[in-house]
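Notes follow the structure.
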Amino acid sequence: MIKSMQWKIVLVYSLLILFAMQFFAVFLTQSLERYYLNTFSTNLESQGLLLANFLERHLVAGDDGAAIDGLVREYSRYAGITEIMVLDAFGRVISSSRAEDELRGQRIVQDETIRALTGSKSEETRLDPETRERFKYLALPVRSGDKILGVVYLIGSLEPIYATLREIQFIFLTGALLVLAVTILLGVALAKTISGPIREVTSKAAQIARGDFRQRIEVRSQDEIGHLGEMFNYLSCQLEETLREISSEKGKVEAILNHMTDGILALNSEGQLLHVNPAARKLLRVAGGEEPGHELVKMIAGGVNLPHLLESGIQQSREIVLDAHKCLLQAYFVPFLTPDAPQDTSFSGVLVVLHDITKERELARIQQEFVANVSHELRTPLTTIKSYTDALLGGAMRQPEVCLSFLTTMERETDRMVRLVKDLLVLSQLDYQQVSWGREERELNQLVAEVVAELKVKYYKKGRRLSVRIPQAPVVLAFDRDKLKQVLLNVIQNAYKYTGPGGNITVALESDGKTVKVSVSDDGIGIPAEDLDKVFERFYRVDKGRSRELGGTGLGLSIAREIVEAHGGSISIDSKLNRGTEVVIMLPGPAADKEEKRHA
8 MIKSMQWKIV LVYSLLILFA MQFFAVFLTQ SLERYYLNTF STNLESQGLL
58 LANFLERHLV AGDDGAAIDG LVREYSRYAG ITEIMVLDAF GRVISSSRAE
108 DELRGQRIVQ DETIRALTGS KSEETRLDPE TRERFKYLAL PVRSGDKILG
158 VVYLIGSLEP IYATLREIQF IFLTGALLVL AVTILLGVAL AKTISGPIRE
208 VTSKAAQIAR GDFRQRIEVR SQDEIGHLGE MFNYLSCQLE ETLREISSEK
258 GKVEAILNHM TDGILALNSE GQLLHVNPAA RKLLRVAGGE EPGHELVKMI
308 AGGVNLPHLL ESGIQQSREI VLDAHKCLLQ AYFVPFLTPD APQDTSFSGV
358 LVVLHDITKE RELARIQQEF VANVSHELRT PLTTIKSYTD ALLGGAMRQP
408 EVCLSFLTTM ERETDRMVRL VKDLLVLSQL DYQQVSWGRE ERELNQLVAE
458 VVAELKVKYY KKGRRLSVRI PQAPVVLAFD RDKLKQVLLN VIQNAYKYTG
508 PGGNITVALE SDGKTVKVSV SDDGIGIPAE DLDKVFERFY RVDKGRSREL
558 GGTGLGLSIA REIVEAHGGS ISIDSKLNRG TEVVIMLPGP AADKEEKRHA
């Protein structure tokens, strides 16, 4: 089957021309055949009638055969007459145009001669069985008044006519072949003017389908093909512009989704995952090249009736707990409708917005615990002061020893509340970055020696041995003297509080140029392993009774961590129960400070 449009056009044009020429040739040949045959019959009849008129006189006069033979031979020379015979009234041959005279006296019995003897003109066309030639037979009666004197019998060959017709047919065939060849050539040229632009449009459209929207058609005419090229170019421009806008909008949407802190999951009406953004992957702990598993998606959407949600279009929300990651997510289920969906249909899918509320809940818990701890820490001394005040007002003031004991206790509880308020104020200033840091380059050796000396004086009667290891070379770095002194005091005082009489406390200072290490170790009661990661929390005490008895607020290590981290360092603790504790403070050394300043 022909698939090329070009050859289809050529074939149609060729067949059309061929059929037209064939019809014209048949029509013209038949018309010429009728014309030539009619003309031949008319001429043959005219010659026969003239001969019959001349023969009338001879037959009436009873002339001899010589005169009639001469007349017959004279007429037989006319074109188209093959043979002339003259018959008498009985149908016998009395003269013939043949050179041989073997037919003279013989009776010619033919349908046309019989009808002519009855007075009617008669003609027939027959095919000679031997020569396969066609002949025209014409029999005309010779009259004298109403009397039939004889018959003029003329025989004419039709082969010259059909030979002429065959020549004409050959000429038509040759002309038809030439016209057909020219038609094919012109058809190919014409088809190219149609199929060429169509192939070009097809090729350009295929390139556009592959993403190359810069394709344009060269318009060479102002006909329908030219208009097709113009519309193609317009469509290409519009498509390029539209896809550019779609790509731009898609890029914006993807940029928004990729940079959102909330996770986004798009589900279709069957609950199958359509899209997931990086934030959702991070929240669900899914690798970048992977998709959330079916079970995970089912767990997220498991508490929501998706068909009902899509039908109602009402937003829903639920909390999701990822036990494996100790993560709490707030999931919002928002039905959406695609732009190409019919307006009377239900929603096409659900957009799941995941918000990590783990820190928020933890912060709320910490705030609640903080308020409860502050209330508890304040309530205990206030209750003591209130009860002692009531006792004094109730008459205990009249007993000097009791009064002095009550006032001493009230003073101690008041000092404890003052320390608590001061620590809370320091933490508040650190949290809201309202602390003014007086950082200057100083020798840390001197500060450590100074704090150790103060605490030796303060606790000289406590029965603990406090030793210090300080390098001879000065360790110089930029720090806030008062804040770092508060850190050292808090850490070393904690060691005093949780080390029994006869215990050892060691303070060591080391530096390798890049980092400075201050360690405070003791051989006291130690800290259980399960409490190590909580000791820096506010108001957290391993032994709450002992801490309060020793005047602790539970905020010392929290303050120490905030100050150390503000200096760019870190603080850690290592302890074993009943064997001792070591607190390590790491600070950036002089070399690190210089490197930071050079890059600043």
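The opening position of the sequence shown corresponds to residue 8 in the numbering used here, with each subsequent residue numbered one higher. We put the beta carbon where it would ideally sit given N, CA and C, even for glycine.
Within 10 Å of its beta-carbon, does residue i have 16 or more other beta-carbons around it, so buried, or fewer, so exposed?
{"i": "residue 21", "result": "buried"}
{"i": "residue 542", "result": "buried"}
{"i": "residue 120", "result": "buried"}
{"i": "residue 467", "result": "exposed"}
{"i": "residue 414", "result": "exposed"}
{"i": "residue 558", "result": "A caution first: residue 558 carries a pLDDT of 49, below 50, which makes its placement in the model too unreliable to give a value."}
{"i": "residue 497", "result": "buried"}
{"i": "residue 92", "result": "buried"}
{"i": "residue 65", "result": "buried"}
{"i": "residue 29", "result": "exposed"}
{"i": "residue 241", "result": "exposed"}
{"i": "residue 315", "result": "exposed"}
{"i": "residue 354", "result": "buried"}
{"i": "residue 204", "result": "buried"}
{"i": "residue 405", "result": "exposed"}
Based on Cα-Cα distance, which residue from the options lies nearest to residue i?
{"i": "residue 429", "options": "495, 563, 252", "result": "563"}
{"i": "residue 431", "options": "68, 593, 532, 378", "result": "378"}
{"i": "residue 460", "options": "426, 513, 306, 203", "result": "513"}
{"i": "residue 388", "options": "419, 370, 380, 592", "result": "419"}
{"i": "residue 159", "options": "166, 590, 153, 149", "result": "149"}
{"i": "residue 217", "options": "194, 283, 247, 284", "result": "247"}
{"i": "residue 323", "options": "358, 470, 110", "result": "358"}
{"i": "residue 544", "options": "487, 374, 405", "result": "374"}
{"i": "residue 511", "options": "495, 479, 586, 540", "result": "586"}
{"i": "residue 318", "options": "325, 205, 343", "result": "343"}
{"i": "residue 537", "options": "417, 123, 195, 582", "result": "582"}
{"i": "residue 589", "options": "578, 257, 47, 573", "result": "578"}
{"i": "residue 471", "options": "449, 504, 62, 483", "result": "504"}
{"i": "residue 446", "options": "417, 489, 592", "result": "489"}
Using only the alpha-carbon positions, how far apart do residue i and residue j sit?
{"i": "residue 554", "j": "residue 509", "result": "Bear in mind that a pLDDT of 49 at residue 554, under 50, signals an unreliable position, so the number given afterwards is only what the model happens to contain. Going by the C-alpha atoms only, they are around 20 Å apart."}
{"i": "residue 334", "j": "residue 567", "result": "29 Å"}
{"i": "residue 40", "j": "residue 175", "result": "11 Å"}
{"i": "residue 519", "j": "residue 502", "result": "26 Å"}
{"i": "residue 132", "j": "residue 183", "result": "32 Å"}
{"i": "residue 584", "j": "residue 465", "result": "27 Å"}
{"i": "residue 385", "j": "residue 515", "result": "36 Å"}
{"i": "residue 473", "j": "residue 398", "result": "42 Å"}
{"i": "residue 125", "j": "residue 95", "result": "12 Å"}
{"i": "residue 224", "j": "residue 259", "result": "32 Å"}
{"i": "residue 34", "j": "residue 179", "result": "12 Å"}
{"i": "residue 112", "j": "residue 101", "result": "6 Å"}
{"i": "residue 523", "j": "residue 576", "result": "9 Å"}
{"i": "residue 570", "j": "residue 495", "result": "11 Å"}
{"i": "residue 457", "j": "residue 265", "result": "54 Å"}
With residue i as the anchor, note down where its beta strand (DSSP E) starts and where it stops.
{"i": "residue 236", "result": "Taken as a continuous stretch (DSSP letters only), residue 236 belongs to no beta strand (DSSP E), being part of the alpha helix (DSSP H) at 231-266."}
{"i": "residue 160", "result": "154-164"}
{"i": "residue 442", "result": "That residue, residue 442, is in no beta strand (DSSP E); it is neither H nor E in DSSP."}
{"i": "residue 515", "result": "511-518"}
{"i": "residue 228", "result": "Run containing residue 228: none; DSSP gives neither H nor E here."}
{"i": "residue 145", "result": "141-151"}
Please list, in chain order, all residues of the same chain as residue i whose beta carbon is under 7 Å from its beta carbon, the five residues on each side excluded.
{"i": "residue 191", "result": "17, 21"}
{"i": "residue 104", "result": "79, 80, 83, 90, 91"}
{"i": "residue 552", "result": "With a pLDDT of 48 at residue 552, under the threshold of 50, the modelled position of that residue is not reliable, and the figure given next carries that caveat. No residues qualify anywhere along the chain."}
{"i": "residue 327", "result": "307, 336, 338"}
{"i": "residue 481", "result": "450, 452"}
Could you please give the first and the last residue of the uninterrupted alpha helix (DSSP H) stretch that includes residue i?
{"i": "residue 503", "result": "488-504"}
{"i": "residue 463", "result": "451-465"}
{"i": "residue 287", "result": "285-291"}
{"i": "residue 315", "result": "313-319"}
{"i": "residue 581", "result": "Per DSSP, residue 581 belongs to no alpha helix (DSSP H); it is in the beta strand (DSSP E), 577-583."}
Leaving out five residues on either side along the sequence, give the residues of the same chain with a beta carbon under 6 Å from the beta carbon of residue i.
{"i": "residue 499", "result": "462, 527"}
{"i": "residue 58", "result": "82, 159"}
{"i": "residue 424", "result": "388"}
{"i": "residue 364", "result": "335, 337"}
{"i": "residue 270", "result": "286, 287, 290, 361"}
{"i": "residue 245", "result": "none"}
{"i": "residue 233", "result": "226"}
{"i": "residue 606", "result": "Interpretation of residue 606 is limited by its pLDDT of 46, a score under 50 that renders its predicted location unreliable; no figure is taken from the coordinates."}
Which residues in the same chain as residue i place their Cβ atom closer than 8 Å to its Cβ, once the five residues preceding and following it in sequence are excluded?
{"i": "residue 54", "result": "82, 85, 88, 161"}
{"i": "residue 436", "result": "442"}
{"i": "residue 43", "result": "168, 171, 172"}
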